[in-house]
Amino acid sequence: MDLSQQEWEEQLENDDNSFILDVRTPEEVEDGYIPGAKNIDIHLGQGFLDELDKLDKSKSYYVYCRSGARSAQACSIMNSVGFEKAYNLEGGFMNWEGEVAE
Numbered sequence: 005m006d007l008s009q010q011e012w013e014e015q016l017e018n019d020d021n022s023f024i025l026d027v028r029t030p031e032e033v034e035d036g037y038i039p040g041a042k043n044i045d046i047h048l049g050q051g052f053l054d055e056l057d058k059l060d061k062s063k064s065y066y067v068y069c070r071s072g073a074r075s076a077q078a079c080s081i082m083n084s085v086g087f088e089k090a091y092n093l094e095g096g097f098m099n100w101e102g103e104v105a106e
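According to our numbering, the sequence shown is numbered sequentially starting from 5.
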C-alpha cells in the first residue's frame, strides 16, 4: 500500500509494532537513512527473500528506497510471501523531509 510521506510518518509514529525497511543499495545508504531503518538491498534477489524469511510477519513494515519504485516492488514481494502490513513511502528517500541519520 502506497502512503504519502505525511501518512507514512504519522502511521509509523502511532504504530508500536513497526519496522522500517530500507531496500536501497549499501552505497545509497551511505548518503543517509531514516533513523532506525534496517537495510536489506532488494537487488540481492534470493538473498533478499532469505533475509525476509528472518523477519517477524506480525509486524508492520514501513518500506522505502530512493524514489519509491523499488520499495513498491519490495512491498509486493513481501505481500506475496505472507507479510500483511507493508507500506511503501511514495517518492522515497529523495522526497523525505523527516530526520536523517548518517
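Note that the Cβ used here is the ideal one computed from N, Cα and C, for glycine as well.
Around the C-beta of Lys89, 16 or more other C-beta atoms lie within 10 Å, and the residue is accordingly described as buried.
Annotated three-state conformation of Ser75 is helix, per DSSP.
When only Cα atoms are considered, Tyr91 and Ile38 end up about 15 Å apart.
Under a 10 Å Cβ-count criterion, Asp45 is classified as buried, with 16 or more other Cβ atoms of the shown protein chains found around its own Cβ. Within the model, the alpha-carbon separation for Pro30 versus Ala105 is close to 14 Å. A contact is defined here as three or more CB-CB pairs under 8 Å, and the stretch 17–28 meets this definition with respect to the stretch 62–69. In summary, Ala73 is exposed, with fewer than 16 beta-carbon neighbours lying within 10 Å of its beta-carbon over all protein chains present.
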